[in-house]
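Below is one structure, written out as structure tokens; comments come after it.
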Amino acid sequence: MNAITSPDPDLLARETLRLLGPAPDNWVPEHAGITHDVLVVGGGQSGTAYAFALRRAGIARTTVIDNASGPAASAWRLRARMQKLRTPKNLVGPELGLPALSFQAWYEAREGAKAYAALDRIPRLAWADYVDWLRDFLGVAVRWGTHLLRIDHVTDGAVPHFRVTLQHGGEQRVETVRKIVLATGVSGGGAPFVPPVLQAAVDAGLAAHTASTIDFAALRGKTVAVVGAAASAFDAAGVALEAGAHAVHLFARRDHIAASPVARTRAYPGLYDHYHSLPDALRWSQALRYRRAGSTPPSDALDRVLRHPHFHLHLSAPWRSARVEGARVVADAGSASSLPFDFVIAGTGYSSEPLQRPELAALAPHIRRWRDQYTPPPDARDDELAASPFLGAGLELQEKTPGAAPWLRHIHVHNPGGFASVGVPLGDVPSMRRDIPAAVARIGHDLLHADLALHQARIDADVAPDFGAERYAAALWQGGGPSPAASGHVPQAPEAPQTPRQSALAP
Ligand SMILES: Cc1cc2nc3c(=O)[nH]c(=O)nc-3n(C[C@H](O)[C@H](O)[C@H](O)COP(=O)(O)OP(=O)(O)OC[C@H]3O[C@@H](n4cnc5c(N)ncnc54)[C@H](O)[C@@H]3O)c2cc1C
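In structure tokens:
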């Protein structure tokens, strides 16, 4: 690492905020009985970026909650196990286009430009530190340890809003909010997917999903199975091997490891910027292409396990059955039978079924899913994709039956449940540049229109004159004086008369 380059690493970031100027005053009218205009659920990189973007949009009565106990319990620190981020280091992230607040600026201010140039990808824990710094630096206050349990829409208010049931420290309380952003992370669209064949092992404490915190030290000397062959599965296998597992066996359903990152073909601006406007059939086929090709582990995640002689790969080996025998799980997988393991890790991904999210379960029957919107040809069916919500351009939920639940559009989904709609896993770095501004713009639009009468009264209000007629009274031509030609004065083109509207808009 290079030496620290500046005695004040935040200088550039602070100067940028100074030049940007203060955030606009809150413009959203207050309504009696409404606690917050926006509730952001999730205080990670997405929630932080939303809170900042909303503040810069003049939407100030925002509250951010997170059921994690604090930043030390973030996904990046506890559940992500790769050494480096999988995404390229130079994407726009939660800094939302302010370069001095970017990871690069943060890292260079601490480690030097050469050290940044030397990175091929971002070290995971450096990213976690950066996200925590950004949250603190921007003054985003997160109510840690606060869990959103339930959302109920309110029909009889002056404006559409929700009653949300929150839990903090064992106590429940109800607050009211007009808009909700679900920046709830990888399992926020549904739940970690545990194949039924593994359930008995999970129940016996002999298996866990990669989304869980796993005591890898306890796997020392043990024989471990990893089910699944995407990035998280390889990361978990790598950590288990490094923790001293006796052997790690990784099981893939395919006859090869997915190696073609097919989403790369659509990473150019025209497609990225306008993805949501593509026809449903095209978005479906793209989502399906991605799912069928499989999510690829980065090549260094592969190297991490391949350097261990006691790493074993099983291809074309879906788990057919598994039984708990004493303290072991005995599996039949692919063509092999009765393989014994001390512990099993399921790197089997996440569902996008809102019914599995406690906070969405009551609303789920009203949510428009892809299956309600688009019927693919028989060879392009995918029930998992079909269950995911069909989001609008502002990431808003939509109603399944027109007119039945219009209030759903006040819930904005920024988690991977929106993948089929927007073409990237929402919450990942690549989603931020486009989708956070889009959702914030829609939130502003809806808040404005819900209060249109108030805004009309506000913009029609009397405006005190900047000056009185006495200022120019002395210059009024009284007649009878020398003509302009006689005095040698050359008349100028008359100034366009200022309308009251132009005056009102002048700064
Ligand atoms: C192993 C792994 C590797 C990844 N690698 C990359 C990568 O290389 N590049 C990339 O771009 N992305 C990657 N991602 C995806 C994504 O960037 C991360 O998951 C990132 O943490 C998402 O940030 P977020 O703020 O959207 O969600 P999170 O950081 O997960 O924060 C969401 C928060 O919401 C809270 N929450 C959820 N439900 C509720 C509720 N009902 N009430 C209150 N709080 C709630 C959660 O506790 C959580 O703290 C990876 C994800 C994982 C799991």
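Going by the numbering used here, the first residue of the sequence shown is number 1188, and it counts up by one from there. Where a beta carbon is used, it is the ideal one built from N, C-alpha and C, also for glycine.
Residue i Cβ short of 6 Å to ligand 1 heavy atom set
{"i": "G1604", "result": "no"}
{"i": "E1546", "result": "yes"}
{"i": "G1614", "result": "yes"}
{"i": "Q1232", "result": "yes"}
{"i": "V1517", "result": "no"}
{"i": "N1254", "result": "yes"}
{"i": "S1419", "result": "yes"}
{"i": "A1387", "result": "no"}
{"i": "A1404", "result": "no"}
{"i": "V1373", "result": "yes"}
{"i": "V1346", "result": "no"}
{"i": "R1273", "result": "yes"}
{"i": "A1370", "result": "yes"}
{"i": "G1581", "result": "no"}
{"i": "L1335", "result": "yes"}
Beta-carbon proximity of residue i to residue j, cut-off 7 Å
{"i": "V1251", "j": "V1227", "result": "yes"}
{"i": "S1503", "j": "G1521", "result": "yes"}
{"i": "A1432", "j": "T1397", "result": "no"}
{"i": "V1368", "j": "D1253", "result": "no"}
{"i": "R1629", "j": "G1590", "result": "no"}
{"i": "R1308", "j": "L1272", "result": "yes"}
{"i": "A1626", "j": "V1346", "result": "no"}
{"i": "A1416", "j": "S1447", "result": "no"}
{"i": "H1223", "j": "V1364", "result": "yes"}
{"i": "L1584", "j": "L1595", "result": "yes"}
{"i": "P1258", "j": "D1195", "result": "no"}
{"i": "T1699", "j": "L1353", "result": "Outside the displayed range of the chain (1188 to 1694) lies residue 1699, so it cannot be described from this structure."}
{"i": "A1549", "j": "L1542", "result": "no"}
{"i": "A1523", "j": "W1506", "result": "no"}
{"i": "R1311", "j": "A1260", "result": "no"}
{"i": "R1248", "j": "A1210", "result": "no"}
{"i": "H1553", "j": "A1509", "result": "no"}
{"i": "A1219", "j": "R1264", "result": "no"}
For residue i, the three-state DSSP class (helix, strand or coil)
{"i": "R1440", "result": "coil"}
{"i": "R1201", "result": "helix"}
{"i": "A1633", "result": "A small fix is needed here, since residue 1633 is Asp in this sequence, not Ala. In this structure, D1633 counts as helix in the three-state DSSP scheme."}
{"i": "T1363", "result": "strand"}
{"i": "V1413", "result": "strand"}
{"i": "A1434", "result": "strand"}
{"i": "Q1543", "result": "helix"}
{"i": "D1319", "result": "helix"}
{"i": "A1673", "result": "Only weak support exists for where A1673 lies, its pLDDT of 47 falling under 50; the value from the coordinates is given anyway. If DSSP states are grouped into helix, strand and coil, A1673 belongs with coil."}
{"i": "E1295", "result": "helix"}
{"i": "Y1455", "result": "coil"}
{"i": "L1206", "result": "helix"}
{"i": "E1512", "result": "strand"}
{"i": "R1491", "result": "helix"}
{"i": "L1385", "result": "helix"}
Whole-angstrom C-beta distance between residue j and residue i, which should lie under 8 Å
{"i": "W1703", "j": "S1256", "result": "In the structure as shown, the chain starts at 1188 and stops at 1694, and residue 1703 therefore has no counterpart that could be examined."}
{"i": "A1388", "j": "V1516", "result": "4 Å"}
{"i": "V1411", "j": "F1438", "result": "Between F1438 and V1411 the Cβ distance is about 11 Å, and since that is not below 8 Å, they are no contact."}
{"i": "P1617", "j": "L1278", "result": "6 Å"}
{"i": "F1421", "j": "P1484", "result": "4 Å"}
{"i": "V1373", "j": "G1631", "result": "That pair is no contact at about 28 Å."}
{"i": "A1533", "j": "L1406", "result": "So it is not a contact: roughly 15 Å between Cβ atoms."}
{"i": "V1351", "j": "G1425", "result": "At roughly 40 Å, the Cβ-Cβ gap does not stay under 8 Å, so V1351 and G1425 are not in contact."}
Best match in the options for proximity to residue i [C-alpha to C-alpha]
{"i": "P1563", "options": "A1474, L1582, A1480 and S1482", "result": "A1474"}
{"i": "A1427", "options": "A1450, I1401, I1444 and A1418", "result": "I1401"}
{"i": "R1494", "options": "E1429, F1239 and G1610", "result": "E1429"}
{"i": "L1198", "options": "V1341, A1533, L1469 and W1293", "result": "W1293"}
{"i": "T1235", "options": "H1601, A1662, A1607 and D1633", "result": "H1601"}
{"i": "F1239", "options": "A1219, M1269, L1207 and A1267", "result": "L1207"}
{"i": "A1304", "options": "L1312, Y1317, F1290 and V1609", "result": "F1290"}
{"i": "S1608", "options": "L1283, W1471, R1205 and S1525", "result": "W1471"}
{"i": "V1511", "options": "I1598, H1499 and D1390", "result": "D1390"}
{"i": "A1418", "options": "Q1270, R1555 and R1556", "result": "Q1270"}
{"i": "A1313", "options": "P1565, H1597 and K1276", "result": "K1276"}
{"i": "Y1477", "options": "L1465, W1557, R1453 and F1498", "result": "R1453"}
{"i": "R1620", "options": "G1299, P1281 and S1575", "result": "P1281"}
{"i": "G1376", "options": "G1604, P1612, G1610 and G1655", "result": "G1604"}
{"i": "R1555", "options": "A1567, P1565, I1598 and G1536", "result": "I1598"}
Residue-chain proximity (residue i, chain D), Cβ-Cβ < 7 Å
{"i": "A1533", "result": "Absent here is chain D; the protein component of the structure consists of one chain."}
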